[in-house]
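**Q**
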Amino acid sequence: MKPMIFGHRAIYAARALALGLALALSVTASAAAIAPGAPAPSFQLHSSASTDLSLGDLKGQVVLINFWASWCGPCRQEMPVLEQLYRKYKAAGFTLLGVNVEPKSADAEGFLKSTPVSFPILFDPDSKVSRLYEVSGMPSTVILDRTGKVRYVHHGYKPGEESEYLDQIRSLVRE
Amino acid sequence: MRPRTVTAALFALTAASHAAVLPDDRADLLWHDWDGGGVTVQGPSILVRKSVTDSLSLAANYYVDMISSASVDVLSTASPYKETRKQGSLSADYLHGNTTYSLGYIESKEPDYVAKTGFFSISESMFGDLTTVSFGYTRGWDRVGEDLHQNGLVSTVWVGDADHRNWQASLSQILTRNLLLGVNFETDESDGYLQSPYRSARYVNPEGLVQTEPQVTPNTRTGNAGSLQLKYYLPWHAALDGNYRLYHDTWGILAHTVGAGYTQPVSTDWTLRGSVRYYRQNAATFYSDLFPFEDSQNFMSRDRELAQFHDLTLGVGASWLFHPGWPRWIEKGTLNLSYNRLHIAYDDFHNWLVGGPPGGVPLYAYDASVTQFFISFWY
Amino acid sequence: MTRRGVGLLAVVATVAAGLLCGCSPLQPWVKPYEREHLADPIMSFDPNPVSDTYLDHVFEVREGARGATGSVGGGCGCN
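Line by line, the protein sequences give chains R, S and F. Counting from 223, one number per residue, gives the positions in the first sequence under my numbering. Counting from 12, one number per residue, gives the positions in the second sequence under my numbering. Counting from 4, one number per residue, gives the positions in the third sequence under my numbering.
1. What are the residues in the segment 166-180 of chain S lying within 8 Å of chain F by C-beta distance?
2. Identify whether S:K61 lies in helix, strand or coil by the three-state DSSP scheme.
3. Hey, how far is the Cα of R:D389 from the Cα of R:V395?
4. I want to see whether chain F comes within less than 9 Å of S:H393, judged by CB atoms only; does it?
5. Name, in chain order, the residues that DSSP records as bridge partners for R:I256.
6. Using a Cβ cut-off of 9 Å, which residues of the segment 29-51 of chain F contact any Cβ in chain S, in chain order?
7. By alpha-carbon positions, which one of S:V50, S:R37, S:N177 and S:Y74 ends up nearest to S:K61?
8. Helix, strand or coil for S:V372, going by three-state DSSP, please let me know.
9. Within 9 Å of any Cβ in chain S, is that where the Cβ of R:S358 sits?
10. Using a Cβ-Cβ distance under 9 Å, would R:E383 count as near chain F?
11. Report yes if the CB atom of F:V33 is closer than 9 Å to the CB atom of S:T143, and no otherwise.
12. Mind listing the chain S neighbours of R:K326? Cutoff is C-beta to C-beta under 7 Å, in chain order.
13. For F:H40, name the three-state secondary structure that DSSP assigns.
14. Can you give the beta carbon distance from S:Y298 to S:L317, rounded, assuming they're within the 8 Å contact cut?
15. In the DSSP output, what is S:D252 paired with across the bridge?
16. Can you give the Cα-Cα distance for R:L277 and S:D280, rounded to whole angstroms?
17. List, in chain order, every chain F residue whose beta-carbon is nearer than 8 Å to that of R:V323.
18. Can you name the residues that DSSP bridges to F:R69?
19. Span of the beta strand (DSSP E) holding S:M77?
20. Along chain F, which residues have their Cβ under 7 Å away from the Cβ of R:A291?
21. Where DSSP assigns a beta bridge to S:M394, which residues make up the other side?
22. Hey, R:T337 and R:R309: beta-carbon distance below 9 Å or not?
23. So is R:A314 buried or exposed if we call it buried at 16+ other beta carbons inside 10 Å?
24. Beta strand (DSSP E) containing R:Y308: first to last residue?
25. For F:L22, is the classification buried or exposed, using 16 other Cβ atoms within 10 angstroms of its Cβ as the cut-off for buried?
26. Find the residues of chain R that neighbour S:G11, judging by a C-beta separation of less than 8 Å, and give them in chain order.
27. If we define contact as Cβ-Cβ less than 9 Å, is F:G25 a contact residue for chain S?
28. Against chain F, does S:A249 count as a neighbour if the rule is that its beta carbon must be under 9 Å from one of theirs?
29. Please compile the residues from chain F whose C-beta is within a distance smaller than 7 Å of the C-beta of S:P276.
30. Let's test the definition: count the other Cβ atoms within 10 Å of the Cβ of S:R313 and tell me whether it reaches 16, buried, or not, exposed.
31. Taking one C-beta from the segment 45-53 of chain F and one from the segment 158-172 of chain S each time, how about it: are there three or more such pairs within less than 8 Å?
32. Can you tell me where the alpha helix (DSSP H) with R:R392 in it begins and where it stops?
33. Output needed for S:G270: all residues of its chain with C-beta closer than 6 Å, excluding positions within five of it in sequence on either side, in chain order.
34. Helix, strand or coil, according to DSSP, for R:L344 in the structure here?
35. Please determine if the segment 298-307 of chain S and the segment 208-217 of chain S are in contact, where contact requires at least 3 C-beta pairs separated by less than 8 Å.
36. Would you identify the three-state DSSP class for S:G48, choosing helix, strand or coil?
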């Protein structure tokens, strides 16, 4: 009997393993898409100023993208803090985008009337950008450098965390 | 039938994933009122909860029952009485990452009963905060007494101790964007003096007359309960909930509880609620309304909590949300009123006080009103 | 090995690799930004703990069954 070192079964098994590993790696790869060093995915959303704003327009500026919702307590707590950050570093080439993730904007607009902010508010009712940026907590903050690369990612907000934002923005603005 | 853990889980929804949250800081002042079955019980329940650091929340509760009892059991053997029960409890919740550790102590005191209870539980939020699992252990030490009335004076005699060990396991699960599931299991092991010293068993003596003798219950009892609850968000901004509980214990009691509720906000400030609850149990194996002769069994009880009966409760409630301008550290408040009407009907417990020809004594049934008025503050 | 066997092995390999790399192939199916209904106070199982605990106590005193309600209670000599 001729010894079959690489018979059909072994070949099928090897192909299956390769397929499986490829799938696993693709899952891994996509899970690590929004990580420090990766380029930030571009997007275009409608803003509260009734114009469309695209991420590409902001190249050359340090950008903080904050995903928020009016039903989320810590998000509401964070808004005045973000407003202060925006006012402080606006002149140094920093901009802040508040991406609202609610399917209907009525509640968000109501909240903004009582707590107005001066930075652009964008609406993502279909969760396209939330999915693109793999938002895994509310609120979520992604800070990009002037070249459009992701540099810092934050999940959640607890009072006092704004000092971290301050340090990170300060260092990026100086680059 | 609410998974205790779900409170933590839902607060986690409004905060970061990868992190559970401590309960809200709040204070509640409640006035409760029970009126039914010849008994009135009223009193306050006050709760104050405050986070003292980012990870530690403390709570204290003070509760009073002011009882005025002329129930069928009291009237058949004694005269109406008044009594006050006071209960205080302290608890702490410590949050570390996705885990909340809770510890607490409850003490209840009335002239003829002192109950001390300690509890500990761990709750873990997982899977993107879709799931919360919690385990708890409760230990209770009771001292049971009997008030004796002699020559117009009341003295308390301590008749026994009761020990309780209780294990709980809960799961809360977000099923869809609009549907929540809660599952609870609880096992209770009690031993010691587990009966009421005031209740007696009735039997027929050789002359055909009804006499009473002291009741005797087993000195151990193990009960198991499992419950399921669902809460569904309706598209017109309302919530529908349903629950079911099954209970079985070593005294032979099998009980089903089924309930449903509907919550409807009617404006930004007002929310209305309606609920219905049905309960039925069969009798304990050693229960009888009338024993055939004296000492007919090792264990005998005529305690109507161990009889075969069912009860139906209908409830309505209204809640008003307000934002007090002063003091400024109060974020919001609610004013709440709820009314529950309970009808309880026994299948094998007769109201012998009413009297009547043999076989003509009616089965006992009564209606009760349960009213709650409370104000809550968040800060 | 049959085609089904190959497919099964592929699935097993994916899950194993996924677990090894720490990223499960089963992702939470309700994303944090999809929880606006669940965060509504009317969807809380336990919006008023003091009131709910009291009502549990009312039933526990008069019924034979106890437990699995979400409240932790102490004992009492309530008849």
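Every residue, glycine too, gets a C-beta built ideally from N, C-alpha and C.
**A** A quick look at the data gives this:
1. A173, H175, N177 and Q179
2. strand
3. 10 Å
4. Absent from the structure is residue 393 of chain S, since the part of chain S shown begins at 12 and ends at 390.
5. R:I256 pairs with nothing; no bridge assigned.
6. L29, Q30, P31, W32, V33, K34, P35, E37, R38, E39, H40, L41, A42, D43, P44, I45, M46, S47, F48, D49, P50 and N51
7. S:R37
8. coil
9. yes
10. no
11. no
12. Simply none; closest approach about 11 Å.
13. coil
14. 5 Å
15. S:K242 and S:G272
16. 40 Å
17. Y36
18. According to DSSP, which records beta bridges pairwise, F:R69 is partnered with nothing at all.
19. L67 to S80
20. Y36 and E39
21. Coverage of chain S is limited to positions 12 through 390, which leaves residue 394 of chain S absent and any answer about it impossible.
22. no
23. exposed
24. R:Y308 -> not in any beta strand (DSSP E); alpha helix (DSSP H) instead, spanning G295 to Y311.
25. Any reading at F:L22 is ruled out, since the residue's pLDDT is 46, under 50, leaving its predicted position unreliable.
26. An answer regarding residue 11 of chain S cannot be provided, because it is not within the stretch 12 to 390 covered by chain S.
27. Only weak support is given to the placement of F:G25: the predicted model assigns it a pLDDT of 47, under 50, and the question is left unresolved by the model.
28. yes
29. I45
30. buried
31. no
32. E384 to V395
33. N254 and R288
34. strand
35. yes
36. coil
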